[in-house]
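**Q**
Protein chains: 2
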Amino acid sequence: MTDDDPGRRPLSRDRVLRAAVALADEHGLDAVSMRRLGQGLGVDPMSLYKHVANKDDLLDGMVDLVVGSVEAGDTAVGDAVEGDGGGWKGALRGRVMAARRAMLAHGWAKRVLEAREGASPAVMRHYDAVAGILRAGGFTPDLTHHALHVLGSRLLGFSQELFDDSAALAEGPEVLELHARRMAGQFPHLAEMMLGISHDEATVVGSGCDDQFEFTFAIDLLLDGLERLRDAAPADGH
Amino acid sequence: MTDDDPGRRPLSRDRVLRAAVALADEHGLDAVSMRRLGQGLGVDPMSLYKHVANKDDLLDGMVDLVVGSVEAGDTAVGDAVEGDGGGWKGALRGRVMAARRAMLAHGWAKRVLEAREGASPAVMRHYDAVAGILRAGGFTPDLTHHALHVLGSRLLGFSQELFDDSAALAEGPEVLELHARRMAGQFPHLAEMMLGISHDEATVVGSGCDDQFEFTFAIDLLLDGLERLRDAAPADGH
DNA sequence: ACCTGAACACCGTTCAAGT
DNA sequence: ACCTGAACACCGTTCAAGT
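Chains as they are written, first to last, in our numbering: chain A, 1 to 238; chain B, 1001 to 1238.
#1: Below 7 Å CB to CB, which residues in the same chain sit around Ala1131 (chain B) once its five sequence neighbours on both sides are set aside?
#2: With distance defined between alpha-carbon atoms, name the residue in B:Ala1031, B:Ser1047, B:Asp1030 nearest to Gly1038 (chain B).
#3: From which residue to which residue does the alpha helix (DSSP H) around Met97 (chain A) run?
#4: Closer than 8 Å by beta-carbon distance: list the chain B residues that pair up with Asp128 (chain A), in chain order.
#5: Exposed or buried, Val66 (chain A), counting other C-beta atoms within 10 Å across all chains shown (16 or more means buried)?
#6: Please confirm if Ala1024 (chain B) has its CB atom under 9 Å from at least one CB of chain A.
#7: Let me know the secondary structure DSSP gives Asp210 (chain A) once reduced to three states.
#8: Measuring CB to CB, does Leu96 (chain A) end up less than 9 Å from Leu151 (chain A)?
#9: Beta-carbon of Met124 (chain A) versus every beta-carbon of chain B: anything under 9 Å?
#10: From His238 (chain A) to Asp142 (chain A), what distance separates their C-alpha atoms?
#11: Using the beta-carbon count (16 or more within 10 Å), is Glu114 (chain A) buried or exposed?
#12: Going by DSSP in three states, Gln160 (chain A) sits in which element: helix, strand or coil?
#13: Going along chain A in order, which residues have a C-beta closer than 9 Å to the C-beta of Arg1111 (chain B)?
#14: Would you grab the beta carbon distance between Gly28 (chain A) and Trp88 (chain A) for me? Rounded to a whole angstrom, and I think it's under 8 Å.
#15: Give the DSSP-derived three-state secondary structure of Pro1045 (chain B) in the structure shown.
#16: Taking 9 Å as the threshold (C-beta atoms), are Ser1159 (chain B) and Glu1240 (chain B) in contact?
#17: Within 9 Å (strictly less), CB to CB, does Ala1131 (chain B) reach chain A?
#18: Taking the straight line between their C-alpha atoms, what separation do you get for Asp128 (chain A) and Leu195 (chain A)?
#19: With respect to the alpha helix (DSSP H) encompassing Asp128 (chain A), which residues constitute its N-terminal and C-terminal limits?
#20: Going by beta-carbon coordinates alone, are Ala91 (chain A) and Gly157 (chain A) separated by less than 9 Å?
#21: Go through its chain and collect everything with a Cβ distance to Ala105 (chain A)'s Cβ below 7 Å, but skip five positions before and after it.
#22: According to DSSP, is Val32 (chain A) helix, strand or coil?
#23: Taking CB distances under 9 Å as the criterion, tell me whether Met1097 (chain B) reaches chain A.
#24: Please report how far the alpha carbon of Gly244 (chain A) lies from the alpha carbon of Glu1117 (chain B), in whole angstroms.
#25: If you drop the 5 nearest sequence neighbours on each side, which residues of the same chain put their C-beta closer than 7 Å to that of Leu59 (chain A)?
#26: For Phe217 (chain A), name the three-state secondary structure that DSSP assigns.
#27: Assuming Asp1224 (chain B) and Gly225 (chain A) make a contact with CB atoms under 8 Å, what is their CB distance in whole Å?
#28: What's the call for Gln186 (chain A), buried or exposed, on a 16-neighbour Cβ count within 10 Å?
#29: Look up Met1183 (chain B) in the DSSP assignment and say whether it is helix, strand or coil.
#30: Tell me whether Ser69 (chain A) sits in a helix, a strand or coil according to DSSP, three-state version.
#31: To the nearest angstrom, report how far apart Met193 (chain A) and Lys110 (chain A) are at their CA atoms.
#32: Given that a residue counts as buried once 16 or more other Cβ atoms are within 10 Å of its Cβ, and exposed if not, what is Gly138 (chain A)?
#33: List the residues of chain A that Phe1217 (chain B) touches, going by C-beta distances under 8 Å, in chain order.
#34: Taking its Cβ as the centre, do 16 or more other Cβ atoms sit within 10 Å of Arg93 (chain A), making it buried, or is it exposed?
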């Protein structure tokens, strides 16, 4: 009977989705079950089906909410890139980095987006905005299309990790080096890479795989490559 | 009591994994449950835990089997690329395309690999082979490392699909065009792209998104970009 | 010591019974 | 007509009881 008795406010799709996002943020995606979600809202699990078609629809709605938040505080501010005066590259980077921030804030969203095959409305709007940036940057519709495919999941701010080395990273560079030496026999080239990294950059923070660096490295390589294609064949994208 | 009574052959990890792969190939990944797998092998579900630590270990073993098959019939044959006499690009394309064939043959593998965070032994061997190709191609360890990250999941032959348009594709180009016109209001740039595509290529097969084309397009753009970086700074990959 | 299957603690969703 | 909760058909895994 208190003021914030959750049973008082009427249920709505938005309230269900926000509760699900909060639940996933706090306890992980696996904690998001119809039963537990209903319990958190002080509602019979079955009542959720009034606002959500099924579990998949719930997950779709959750990512839609997260991706939709990208549009609010997006590229307008600038996200000033070091060496350019805005333009399509800066705008694209801004959009993509905003999406990345949203993804990093909601770690579970990446996993849901990978599992989904159809794009939600907010994702479609995001893609459309990116396409618009490219068109304004002088890309043909055809090359714009290929560009979207090339950028792929990086449009949403994440990339496929090769493998998770965060456990080894957390233990410090000497553990990483030990790890590398141990696998030198089986994976000589990977070991060489790892050892090279831990030698080059003596600072602790830089060793191992720096996700943020690798992400921007990839984006820049892709944008440069696309720009070259645009300039090579301005009339036809193929 | 027949000759091929599955109960006769003793269970082994390999036999369990092969049965799981066959089950996933035939009835989809969701059909792979400990209960159903045990049933298919004529064995108590709990007996599987003698050969497999848990469900995740089972899935790991399954993808390991698939990725491991890539090494058998890999780049040796040549996979001759149009305009070059082999070299690192041809070798890399060959390896990646072999992985792609394996992935296309086992549609569920992509989903499992995306969900996994740690790389299985076969995947590690694959990465190491790719790293070896790059090193032999004159890349520094550092640039080799970044190259692996840039190529990402495409090393294993797949890329993140933006959205699945196979349903619309199957209905033919006129349906695709209708689709595009309907969404022109909300997603003008995406609609323009789709309409441009269906106009350019009148043949039915070519319209919509050609996965194979987009994949090779991306690979070529990435390899060209990496080559340029290699040649720009031969001594230091950064 | 090994194997097995009943049991536990969950799922998403159906559907009939209650209001 | 609407809402609800018991019930269904599954899960992965534990664990104690049987051999």
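We put the CB at the ideal spot given by N, CA and C, even for glycine.
**A** With the structure as the only source:
#1: Thr1144, Leu1148
#2: B:Ser1047
#3: 87-105
#4: Gln1186, Phe1187, Pro1188, His1189, Leu1190
#5: buried
#6: no
#7: coil
#8: For the record, residue 96 (chain A) in the displayed sequence is Val; it is not Leu. The answer is yes: Cβ separation under 9 Å.
#9: yes
#10: Because the pLDDT of His238 (chain A) is 46, which lies under 50, any placement of that residue in the model is unreliable, and the question is left without a value.
#11: By the C-beta density criterion, Glu114 (chain A) is buried, having at least 16 other C-beta atoms within 10 angstroms.
#12: The answer is coil: DSSP assigns Gln160 (chain A) none of H, G, I, E or B.
#13: Glu114, Ala115
#14: Rounded, the Cβ-Cβ distance is 38 Å, inconsistent with contact.
#15: helix
#16: This structure cannot settle anything about residue 1240 (chain B), because the visible part of chain B is limited to 1001 through 1238.
#17: yes
#18: 42 Å
#19: 121-136
#20: The beta carbons of Ala91 (chain A) and Gly157 (chain A) sit no closer together than 9 Å.
#21: none
#22: coil
#23: no
#24: What is shown of chain A runs 1 to 238, which leaves residue 244 (chain A) out entirely.
#25: Counting only Cβ-Cβ distances below 7 Å, and skipping sequence neighbours, we find Val112.
#26: Three-state DSSP puts Phe217 (chain A) in a helix.
#27: With 8 Å as the limit, Asp1224 (chain B) and Gly225 (chain A) qualify as a contact, their Cβ atoms being about 7 Å apart.
#28: exposed
#29: Coil.
#30: In this structure, DSSP gives Ser69 (chain A) a helical state, which the three-state scheme calls helix.
#31: 27 Å
#32: exposed
#33: His146, His149, Val150
#34: buried
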